[in-house]
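Novice:
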Amino acid sequence: MTDVICPLCGKPNPPDREECLYCQAPLKASGFVAPSEPGDEENQLLPPSGETGEAEEQTSQPAEASSLEQAIPDWLKATEANFLGQSESEQEKPGTDLVSEQIDSLLNQPSTPDSTNEPAIDDDWLASLLEETGIGESSATTSQEESSEGQEDTFEADKTEPFSEELAQEEPPASADQAEKPEWLTNLEATSPIKLDRVLPASEPDGQSTGVVDTGEETGSGEMEIPEWIAKSGSEVSPPSDKEAESQIAPAELPSWLEALRPDEGVSPTGPLEDLSAADIVTAGPLVGLRGVISAHPSAIRAHKPPTYSIKLRVTEEQRARVEMMEALLADEQKPKPLPAQPVISSRNIFRLVIVVVLILPIAWMIITGSQRTPAPQPGNIPGVVDFTQQVQTLPIGAPVLLAFDYEAGFSGEMNLAISTVINQLIIKNAYMAIVTTTPAGPALAESIMRRADTGLEGKPETYYTDLGYIPGGTIGLLGLANSPKTVLPYSLDGNNVWAVAPLNAISSIKDFSAVIVMTNDPDIARSWIEQVSPQLQVDGTPLLIVTSSQAEPLIRPYYEATPSQVQGLVAGFVGGLAFSRTVGNIQQNGTWDAFSIGITVSVLIILIGSIIAVVLKMLALGKLKEN
Amino acid sequence: MLERIGQLADPIGAIIGFVLTVMVLSYIIGDNVLFRLAIPIFIGAASGYAAVLILYNVLWYQVLVPVFQVITTGKMDNMLIYATHVVPAVILGIWMMTKMSPRLARWGTPVLAFLTGVGAATVIAGAVRGTIFPQVGASVNLLNIRTAPSELNELVGWFINGLVVLVGTATTLIYFHFGIKRQEEGVPVTRSVVLGYLSTAGQGFIVVTLGVLFAGVYIAALSALIDRVSFLWDTIIRFF
Chain A
15 MTDVICPLCG KPNPPDREEC LYCQAPLKAS GFVAPSEPGD EENQLLPPSG
65 ETGEAEEQTS QPAEASSLEQ AIPDWLKATE ANFLGQSESE QEKPGTDLVS
115 EQIDSLLNQP STPDSTNEPA IDDDWLASLL EETGIGESSA TTSQEESSEG
165 QEDTFEADKT EPFSEELAQE EPPASADQAE KPEWLTNLEA TSPIKLDRVL
215 PASEPDGQST GVVDTGEETG SGEMEIPEWI AKSGSEVSPP SDKEAESQIA
265 PAELPSWLEA LRPDEGVSPT GPLEDLSAAD IVTAGPLVGL RGVISAHPSA
315 IRAHKPPTYS IKLRVTEEQR ARVEMMEALL ADEQKPKPLP AQPVISSRNI
365 FRLVIVVVLI LPIAWMIITG SQRTPAPQPG NIPGVVDFTQ QVQTLPIGAP
415 VLLAFDYEAG FSGEMNLAIS TVINQLIIKN AYMAIVTTTP AGPALAESIM
465 RRADTGLEGK PETYYTDLGY IPGGTIGLLG LANSPKTVLP YSLDGNNVWA
515 VAPLNAISSI KDFSAVIVMT NDPDIARSWI EQVSPQLQVD GTPLLIVTSS
565 QAEPLIRPYY EATPSQVQGL VAGFVGGLAF SRTVGNIQQN GTWDAFSIGI
615 TVSVLIILIG SIIAVVLKML ALGKLKEN
Chain B
451 MLERIGQLAD PIGAIIGFVL TVMVLSYIIG DNVLFRLAIP IFIGAASGYA
501 AVLILYNVLW YQVLVPVFQV ITTGKMDNML IYATHVVPAV ILGIWMMTKM
551 SPRLARWGTP VLAFLTGVGA ATVIAGAVRG TIFPQVGASV NLLNIRTAPS
601 ELNELVGWFI NGLVVLVGTA TTLIYFHFGI KRQEEGVPVT RSVVLGYLST
651 AGQGFIVVTL GVLFAGVYIA ALSALIDRVS FLWDTIIRFF
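Protein chains in written order, with my numbering: chain A, 15 to 642; chain B, 451 to 690.
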């Protein structure tokens, strides 16, 4: 199915249509068939020269001319009427231009009505040439007769179909008299500019000029048949001119400044028209057939595959080098760097070995020899020991005592002496010891201490102590223990319900114990016991006794020395343990006290000597700096 | 057989203790393989013992055994106490385990908030009731004339002791006072001269306190060293 493309609007129309559905432009004369293949698109847009000639022949037929006349839009007919009317009115005026004369020559009688037998050839050389050949009259007369018959139809058809000048020159219409003329004469007449200038305006095709060449017959008839619409428009009275209209209106008085701004009436308001005769004709698209316009060629709007652009970052060599350097730095940051290997024999290691030897040798010597030369500390000189001893000594026989093993194994060497002494005193007092702990290592330490203490004692261990185990929850667990120890620790480590048998069956709160002894090296744990348990113990006057390390003593002593005291007895460190053991009659020390004493002395000497050496070295360095 | 093993336990434990002690003391010559081998042994033994203790002492005897006893004996006496104390703890403990899953971690936040809030309340209440009020009262009564000794030589010592404690407490608290008086714009901000001197005195008390704490740590370490040396010598004497 091929559609006919309208040459005016470029829209496709059915092939049986004679005029465009959209703009009512005629399709048969100048329309073209839509291309069926993309490759033949340009060839099919323009009709071939042969088709153009056929269309030109068809326009000369009266039947098709009437149909074309009906296809002329009203606006075009009105334009023709105005144009012809103005031409007739201006014919009376002097000084008309060449175009008006040519139009007059077409519409009115030819300019040479008298010489009817005279050929319409102005050139003398051509006239003489025709006389010599003897064909001038007959051919001119024949051509005039035929051309006068078809002049009217051809003229109208030519006005509705403005064919291009080039096509008309290449394909002149074949007429009957041209067949009788020699070929050279026909070409000569067609290409002669003199005839064309006289007969036709420049905008009309040559085919028309060949049909309107002046003949002796036309001039002899004296009057040419004028179409009815032309005669009507020519007989109409022309409208009044502008000058007549202006003369009826009184001229206004304009100010001088407005007169100065008034444009010159002699200058034409419109610019010069552009000569488009040399411009190209659009051969494709909706503007096909137009001259001097920009072609909307399909290739301009054809969708192409989008070009691929490289996503590779464009960087310079310097930038690339910097990026590589940054990447190398980041990679090195994540790699663990091994520490530089230190030499085995260095001044630092030597100095360390010297200190160890100086410190350990005296200690080892005192332990090996079992020296007991240094007098043991007096209990009265150690704060808290006497009170601690009194609290233990005043415990009733068989009283339940709560022991908290909350120290770490690393402090057993410092605290074991005091703890062992306490356990022995409680065993002597036949106290029933309930052991608890808030540290995971507490039960093991308690088991070790109790196993060492019951050596040589008769009777089963469960008769004088029970291990209730670990108190979970830290500070909250201590508060629960203070309120209800039976709820927090319902069973002992061996699975016995010790709260159902004596003497713990009488325990409902922590204040029901005869004493609470806390053994810890951590000042925070000691403070938790003091803060959570001590207030309830003070209600019934139950003593809170603490065995602690030397490092926790400065933080716990304020609770002991407070008035009223929150801790009723305190044994701190190795010195406190030794003093407490002496108060209960245990004077066996195996040289440890002498070792401790000489160790403290050596340590003080090391610190003192080191400080003096550091000061001297610094002074020497300052002296050197001053000298420099 | 068990008695034989029990008799060998002490010597074996003594030998192991001797070896481990030597391995730790080898750090005297610097970081070495023996020291690095002994440290994981201590950490692993302590962690394993703590895990067994919690499973055995807490979960078994404090959570499960009471239920079995109620079932086996049919005694409902302790059932109310168990239901009000143990069951909520078990529910909260299971609820807390949602923190192990990143997807369900936010569901365990209320339990964590509950524990944090209760713990903070317990610590604050204990600190106020057991430390702040008693210690403030004790500091106030240091120079109470009613508690003063009757003898003159003791009275001088009592007064000096009370004065040092009072001045030390006051100046130490002043040292941690960083407030300044509002100044006009452009006027340099300076601390009061009196407060500056008192703060310096408080700084001196703080230095002395830290020195005492360091001395206590050193004494504890020295005591541990003496105990280890004594242990080594006892072990040597025992087997040789």
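Every residue gets a Cβ at the ideal spot worked out from N, C-alpha and C, and that includes glycine. Predicted model only: the values in this text are computed from it and were never measured.
Would you mind reading off the limits of the alpha helix (DSSP H) that contains residue 28 of chain A?
Specialist: Segment: none, residue 28 of chain A is in no alpha helix (DSSP H) and carries neither H nor E.
Novice: Have a look at residue 385 of chain A and residue 642 of chain B and give me their C-alpha separation to the nearest angstrom.
Specialist: Cα to Cα, residue 385 of chain A sits roughly 58 angstroms from residue 642 of chain B.
Novice: So is residue 482 of chain B in contact with chain A if we call contact Cβ pairs under 8 angstroms?
Specialist: For residue 482 of chain B, the answer is no, since every Cβ of chain A falls outside 8 angstroms of its Cβ.
Novice: What residues match up with residue 420 of chain A in a beta bridge as DSSP calls it?
Specialist: DSSP output for residue 420 of chain A lists A/534 as bridge partner(s).
Novice: Helix, strand or coil for residue 88 of chain A, going by three-state DSSP, please let me know.
Specialist: Helix at residue 88 of chain A.
Novice: Check the C-beta distance from residue 458 of chain A over to residue 499 of chain B and give it rounded, since I have them as a contact under 8 angstroms.
Specialist: Right, their Cβ atoms sit about 6 angstroms apart.
Novice: Identify every residue that forms a DSSP beta bridge with residue 559 of chain A.
Specialist: Note: residue 559 of chain A sits in a beta bridge opposite A/531, A/583.
Novice: Closer than 8 angstroms is the cut-off here; do at least three beta carbon pairs connect the region 352-368 of chain A with the region 565-573 of chain A?
Specialist: As far as the Cβ criterion goes, the region 352-368 of chain A does not touch the region 565-573 of chain A, which means the pair count is below three.
Novice: Less than 6 angstroms between C-beta atoms, sequence neighbours within five positions excluded: which residues of the same chain meet that for residue 306 of chain A?
Specialist: Counting only Cβ-Cβ distances below 6 angstroms, and skipping sequence neighbours, we find 290, 293.
Novice: Using a Cβ-Cβ distance under 8 angstroms, would residue 610 of chain A count as near chain B?
Specialist: So, interface residue.
Novice: Nearest by alpha-carbon distance to residue 540 of chain A: which of A/549, A/562, A/199 is it?
Specialist: Cα-wise, what sits closest to residue 540 of chain A is A/562.
Novice: When you compare the region 395-407 of chain A with the region 581-599 of chain A, are there three or more beta-carbon pairs, one atom per stretch, that lie closer than 8 angstroms?
Specialist: Touching, yes, given that three or more Cβ pairs across the two stretches are closer than 8 angstroms.
Novice: Interface residues of chain A around residue 593 of chain B at Cβ under 7 angstroms?
Specialist: Those do not exist, as residue 593 of chain B stays about 11 angstroms from chain A at its closest Cβ, beyond 7 angstroms.
Novice: DSSP beta-bridge partners for residue 483 of chain A?
Specialist: Beta-bridge pairing links residue 483 of chain A to A/450.
Novice: Judging by CA-CA distance, which residue of A/498, A/546, A/556, A/573 is the nearest neighbour of residue 532 of chain B?
Specialist: It is A/498 whose Cα lies nearest to the Cα of residue 532 of chain B.
Novice: Tell me which residue opens and which closes the alpha helix (DSSP H) that residue 692 of chain B is part of.
Specialist: Outside the shown range of chain B, which is 451 to 690, sits residue 692 of chain B, and nothing can be said about it.
Novice: May I ask you to report which of helix, strand or coil DSSP gives residue 295 of chain A?
Specialist: If DSSP states are grouped into helix, strand and coil, residue 295 of chain A belongs with the strands.
Novice: Under three-state DSSP, which class holds residue 2 of chain A?
Specialist: Residue coverage of chain A in this structure runs from 15 to 642, which leaves residue 2 of chain A outside it and unanswerable.
Novice: So which residues on chain B does residue 580 of chain A lean against when the C-beta distance must stay under 8 angstroms?
Specialist: The contacting residues are 580, 584.
Novice: I'd like to know whether the C-beta of residue 378 of chain A is nearer than 8 angstroms to at least one C-beta of chain B.
Specialist: Yes - at least one Cβ of chain B is within 8 angstroms of the one on residue 378 of chain A.
Novice: Which residues does DSSP list as the beta-bridge partners of residue 366 of chain A?
Specialist: According to DSSP, residue 366 of chain A bridges with nothing at all.
Novice: Please state if the CB of residue 321 of chain A and the CB of residue 23 of chain A are separated by a distance shorter than 8 angstroms.
Specialist: Result no, Cβ atoms of residue 23 of chain A and residue 321 of chain A do not sit closer than 8 angstroms.
Novice: Is there a Cβ of chain A sitting closer than 8 angstroms to that of residue 630 of chain B, yes or no?
Specialist: Output row for residue 630 of chain B: interface = no.
Novice: Taking Cβ-Cβ distances shorter than 8 angstroms, what residues in chain A pair up with residue 674 of chain B?
Specialist: 424, 425, 427, 428, listed in chain order.
Novice: What does the alpha-carbon distance come out to for the pair residue 661 of chain B and residue 568 of chain B?
Specialist: Their backbone Cα atoms lie some 36 angstroms apart in a straight line.
Novice: Need the endpoints of the alpha helix (DSSP H) that residue 510 of chain B sits in, please.
Specialist: Here residue 510 of chain B belongs to no alpha helix (DSSP H), and DSSP marks it neither H nor E.
Novice: Out of B/636, B/663, B/597, B/624, which has the shortest C-alpha to C-alpha gap to residue 644 of chain B?
Specialist: Measuring from the Cα of residue 644 of chain B, the nearest candidate turns out to be B/624.
Novice: Distance, Cα to Cα, residue 658 of chain B vs residue 626 of chain A?
Specialist: Computed Cα separation, rounded: 20 angstroms.
Novice: Does the distance from the C-beta atom of residue 539 of chain B to that of residue 548 of chain B stay below 8 angstroms?
Specialist: Contact: no.
Novice: Figure out for me which residue from A/586, A/31, A/331, A/537 has the closest Cα to the Cα of residue 398 of chain A.
Specialist: Measuring from the Cα of residue 398 of chain A, the nearest candidate turns out to be A/586.
Novice: Quick one: what's residue 40 of chain A bridged to in DSSP?
Specialist: Looking at the DSSP assignment, residue 40 of chain A forms a beta bridge with A/33.
Novice: When burial is assigned at 16 or more other CB atoms within 10 Å of the CB, is residue 326 of chain A buried or exposed?
Specialist: So residue 326 of chain A ends up on the exposed side.
Novice: Does residue 305 of chain A come out as helix, strand or coil in the three-state DSSP assignment?
Specialist: Looking at residue 305 of chain A - three-state DSSP - the assignment turns out to be strand.
Novice: Pull up the distance between the alpha-carbon of residue 494 of chain B and that of residue 501 of chain B, whole angstroms please.
Specialist: Between residue 494 of chain B and residue 501 of chain B, the C-alpha separation is close to 11 angstroms.
Novice: Secondary structure at residue 578 of chain B, three-state DSSP: helix, strand or coil?
Specialist: It is helical.
Novice: Is any beta-carbon of chain B found at less than 8 angstroms from that of residue 572 of chain A?
Specialist: With 8 angstroms as the cut-off, residue 572 of chain A counts as an interface residue toward chain B.
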